[in-house]
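Reading through the structure tokens given below for one structure.
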Amino acid sequence: MDKNKRPDSMKRITTTKLADSFISEKIAEVREQVGDKKVLLALSGGVDSSVVAALLIKAIGNQLVCVHVNHGLMRKGESENVIEVFQKGLNANLIYVDATDRFLNLLSGVSEPEKKRKIIGGEFIKVFDEEASKLTGINFLAQGTIYPDILESDGVKAHHNVGGLPKDMKMELVEPLKLLYKDEVRVVGSALGLPDKMVYRQPFPGPGLGVRCLGAITRDRLHALREADAILREEFEICGLAEKVWQYFIVVPDFKSVGVKDDKRYEGWPAIIRAVNTTDAMTATIEEIPYSLLHKITNRITNEVEGINRVLLDLTPKPIGTIEWE
Ligand code: XMP
49 MDKNKRPDSM KRITTTKLAD SFISEKIAEV REQVGDKKVL LALSGGVDSS
99 VVAALLIKAI GNQLVCVHVN HGLMRKGESE NVIEVFQKGL NANLIYVDAT
149 DRFLNLLSGV SEPEKKRKII GGEFIKVFDE EASKLTGINF LAQGTIYPDI
199 LESDGVKAHH NVGGLPKDMK MELVEPLKLL YKDEVRVVGS ALGLPDKMVY
249 RQPFPGPGLG VRCLGAITRD RLHALREADA ILREEFEICG LAEKVWQYFI
299 VVPDFKSVGV KDDKRYEGWP AIIRAVNTTD AMTATIEEIP YSLLHKITNR
349 ITNEVEGINR VLLDLTPKPI GTIEWE
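What follows is the structure, encoded as structure tokens:
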């Protein structure tokens with residue numbers, strides 16, 4: 049049996065009851081796989097790794113060691129939030145690693161999307177391996193891989209959870225969610241008692257802002273992207289769209305256009321708004337954002353973010369556009 053293929057007989061997890069039996073099954077499987085060894089978890093703070101963390105805390109308690117790597121491609125405030133929620137809220141055994149310079153130096157000058165993904169994924173594993181070697185008795189690496197990651201690394205994109213693993217990785221994988229679709233992961237998360245705010249937060253790709261800062265990443269453009277993204281999130285929260293829209297973010301391409309500011313020529317990057325709805329990330333439709341809100345966001349981004357001089361809206365559904373631009 050192919051362990052990476054969802055059996056036709058597997059019921060879609062839509063209720064707490066179905067989630068509870070999935071959880072019991074996985075707890076038993078994880079205990080069997082892991083024994084009394086320790087597991088290192090790549091805790092990005094997104095829905096998938098958060099649900100894995102909650103599941104593994106339930107299954108193996110303090111045998112779980114969570115590592116949050118700040119790869120320098122996080123959204124504004126995201127790493128701080130992970131520390132807050134997991135260290136304080138869930139009492140998790142959490143190690144924080146700031147690897148910003150390491151990642152950005154490796155990515156310098158790299159413009160090809162799949163190469164960027166592979167670098168980020170590969171470096172992630174290296175950092176974890178290094179952390180693991182500082183600890184004793186770590187034999188397993190847990191990941192928040194979900195089914196679309198597996199399906200889509202078959203030719204569309206190499207998701208870092210799947211495509212970037214080096215052949216010589218020393219740890220065995222624990223991937224309890226790998227046969228679930230996103231909507232099922234959320235049901236499981238709720239059944240595990242995670243707060244709605246965490247379970248229904250928008251997904252954030254492993255490579256983070258790295259695949260939204262198009263082409264070769266530069267620190268100044270990455271900074272502009274992060275600030276513009278924070279404004280978009282803030283405005284969506286104020287008007288109630290944050291709970292309604294599945295995923296929304298800013299993309300900043302690597303070209304400039306001519307603008308004018310304070311009566312002077314002002315060349316800047318465009319910020320592209322993408323806001324999509326979907327249930328399983330395999331297809332997606334476009335959220336209709338009110339024009340008044342678009343004007344407000346445009347004003348704020350062009351006034352507050354250094355280096356951005358235009359704001360554009362992406363109206364492309366999936367297919368034909370994937371959700372991320374890279
Ligand atoms: P696409 O762009 O393939 O995205 O339509 C579908 C969903 O997957 C997320 N995504 C990723 N997640 N590593 C991840 O962990 C990745 O490399 C990656 N690429 C895309 C994307 O944000 C969307 O939710």
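Numbering (this note's numbering), first residue to last: 49 to 374.
Glycine residues also receive a C-beta, built at the ideal position from the N, C-alpha and C atoms.
Q: Starting from the C-beta of Leu273, find all residues in its chain whose C-beta is less than 7 Å away, skip the five residues before and the five after it, and write them out in chain order.
A: Locating residue 273 in the sequence shown gives position 225, counting from the first residue. Same-chain partners within the cutoff: Leu257, Arg260, Cys261, Ile298, Val300.
Q | Nearest neighbour of Asp277, chosen from Thr346, Met330, Leu189, Val113 [CA to CA] | A | Translated into positions along the sequence shown, residue 277 becomes position 229. Comparing Cα positions, the closest option is Thr346.
Q: Inspect the CB distances between the segment 223-237 and the segment 186-195 and report whether three or more fall short of 8 Å.
A: yes
Q: Give me the Cβ distance between Pro251 and Val115, rounded to the nearest whole Å; I'm assuming they're in contact under 8 Å.
A: Within the sequence shown, residue 251 is the residue found at index 203, counting from 1. Within the sequence shown, residue 115 is the residue found at index 67, counting from 1. Their Cβ separation, rounded to whole angstroms, is 20 Å, which puts Pro251 and Val115 out of contact at 8 Å.
Q. Taking Asp302 as the reference, which of Asp311, Ala264, Ile337 has the closest Cα?
A. Indexing the sequence shown from 1 puts residue 302 at position 254. Considering only alpha carbons, the answer is Ala264.
Q.
Taking the alpha helix (DSSP H) that Phe176 belongs to, which residues open and close that run?
A. For this step, residue 176 is matched to residue 128 along the sequence shown. If you look at Phe176, you'll find it in the alpha helix (DSSP H) that goes 161-182.
Q.
Let me check you understand the geometry: is the CB of Ala329 closer than 7 Å to at least one non-hydrogen atom of the ligand XMP?
A. The count along the sequence shown starts at 1 and reaches residue 329 at position 281. Within the cutoff, so yes.
Q: Tell me whether Glu372 counts as near the ligand SAH, meaning its Cβ is closer than 7 Å to at least one heavy atom of that ligand.
A: Absence of the ligand SAH is noted for the structure shown, with the ligand XMP being the only ligands found.
Q | Contact under 8 Å by Cβ, Pro255 with Leu121 | A | Start at 1 with the first residue of the sequence shown, and residue 255 comes out as number 207. Start at 1 with the first residue of the sequence shown, and residue 121 comes out as number 73. Against a cut-off of 8 Å, the Cβ pair of Leu121 and Pro255 comes out as a contact.
Q. Helix, strand or coil: how does DSSP classify Arg267 here?
A. Here residue 267 refers to the residue found at position 219 of the sequence shown. Arg267 falls in the helix class under three-state DSSP.
Q | Contact test: Val259 Cβ vs the ligand XMP heavy atom, cutoff 7 Å | A | Within the sequence shown, residue 259 is the residue found at index 211, counting from 1. Checking the Cβ of Val259 against the ligand XMP gives yes.
Q) How long is the line joining the alpha carbons of Gly369 and Leu199, rounded to whole angstroms? A) As a working mapping, residue 369 is identified with position 321 in the sequence shown. As a working mapping, residue 199 is identified with position 151 in the sequence shown. Cα to Cα, Gly369 sits roughly 17 Å from Leu199.
Q) In this structure, what does DSSP give as the bridge partners for Thr333? A) Along the sequence shown, read from residue 1 onward, the residue named residue 333 stands at position 285. According to DSSP, which records beta bridges pairwise, Thr333 is partnered with Asn325.
Q.
Going by beta-carbon coordinates alone, are Asn222 and Phe188 separated by less than 8 Å?
A. Position 174 of the sequence shown, counting from 1, holds the residue named residue 222. Position 140 of the sequence shown, counting from 1, holds the residue named residue 188. The residue asked about is misnamed: residue 222 is Val in this sequence, not Asn. Yes, the Cβ-Cβ distance between Val222 and Phe188 is below 8 Å.
Q. If you draw a straight line from the C-alpha of Pro365 to the C-alpha of Arg249, how long is it?
A. Numbered from its first residue, the sequence shown carries residue 365 at position 317. Numbered from its first residue, the sequence shown carries residue 249 at position 201. Looking at the two C-alpha atoms, the distance is approximately 21 Å.
Q) When DSSP labels each residue in this structure, what does Arg150 get in the three-state scheme? A) Translated into the one-based positions of the sequence shown, residue 150 becomes position 102. Secondary structure at Arg150: helix, using DSSP grouped into helix, strand and coil.
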